[in-house]
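Peer 1: For what it's worth, full-length UniProt numbering labels the leading residue of the sequence shown as 1, then goes sequentially.
Don't be surprised by glycine CBs; every beta carbon is placed ideally from N, CA and C.
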Amino acid sequence: MPPPDSHRTRLLRNGIAILCALLVYYGIPLNLNLEDRIIGVLVFLAGLAGLAQLTDRHIRRLTAAPQRAGRQVDGILLLLTVTVVFFALTYYLLAKNDPGQFDGLVTRTDALYYTIVTLGTVGFGDVHAVGQTARVVTMLQIVFDLVVVGVLLAVATGAITRGMRGTSE
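Shown next, in the form of structure tokens:
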């Protein structure tokens with residue numbers, strides 16, 4: 001049986017991870033001269049490849065040890081946080097370097113808002129992709145979101161099912 005404060009510790013750890021992600025997001029200096037779009041595209045693709053690799057690695061770990069659902073959910077939430085920050089920064093830089101890509105996206109908060117609204121599949125329409133590049137990046141985010149949220153639901157459902165079997169036996 002886990003120690004009584006393990007849930008509190010996990011919540012605190014997750015809260016600290018989200019706080020750190022927000023500090024990085026709002027604190028990272030982006031006033032660099034990014035005239036060369038090829039470098040920006042390469043950095044984006046490298047980040048996307050890194051996220052794909054992290055997602056793949058995490059999914060493999062989930063399927064290898066299904067009995068550790070709590071830690072798995074924490075890992076997925078951390079991956080989701082990193083994904084949100086990555087896409088929000090991408091959207092902000094895209095809007096900053098090519099203002100015609102988005103309608104309504106001006107600040108970092110706008111970019112974070114758009115990313116979270118897209119993740120939640122809400123789509124209020126107040127901020128939306130107009131340019132082709134912005135639409136492609138948004139589609140990539142949607143695919144990542146579906147994979148990560150799908151894995152999160154599968155792990156949570158599996159944990160609940162195992163818990164119910166354990167209490168009914």
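How about Asn121 and Asp103: are their beta carbons less than 9 angstroms apart?
Peer 2: One point to set straight first is that residue 121 is Thr, not Asn, in the sequence displayed. Cβ atoms of Thr121 and Asp103: not closer than 9 angstroms.
Peer 1: Express the C-alpha separation of Thr118 and Gly131 in angstroms, rounding to a whole number.
Peer 2: Roughly 16 angstroms between the two C-alpha positions.
Peer 1: Can you check the UniProt domain "Potassium channel" (80-160) for any alpha helix (DSSP H) of at least 4 residues that lies completely inside it and give the ranges in chain order?
Peer 2: The qualifying runs are 108-119.
Peer 1: Evaluate Leu112 with the Cβ neighbour count: other Cβ atoms within 10 Å of its Cβ, from every protein chain shown; 16 or more gives buried, anything less gives exposed.
Peer 2: It counts as buried.
Peer 1: Could you check the C-alpha separation between Arg135 and Lys96 for me, to the nearest Å?
Peer 2: Rounded to the nearest angstrom, the two C-alpha atoms are 16 angstroms apart.
Peer 1: With distances taken between CB atoms, is the gap from Val82 to Ala156 smaller than 9 angstroms?
Peer 2: No.
Peer 1: On the premise that Ile76 lies in contact with Val148, defined as a C-beta separation below 8 angstroms, what is that separation, rounded to the nearest angstrom?
Peer 2: Going by Cβ atoms, the distance from Val148 to Ile76 rounds to 6 angstroms, so yes, they are a contact pair.
Peer 1: How big is the Cα-Cα spacing for Tyr114 and Arg8?
Peer 2: Looking at the two C-alpha atoms, the distance is approximately 30 angstroms.
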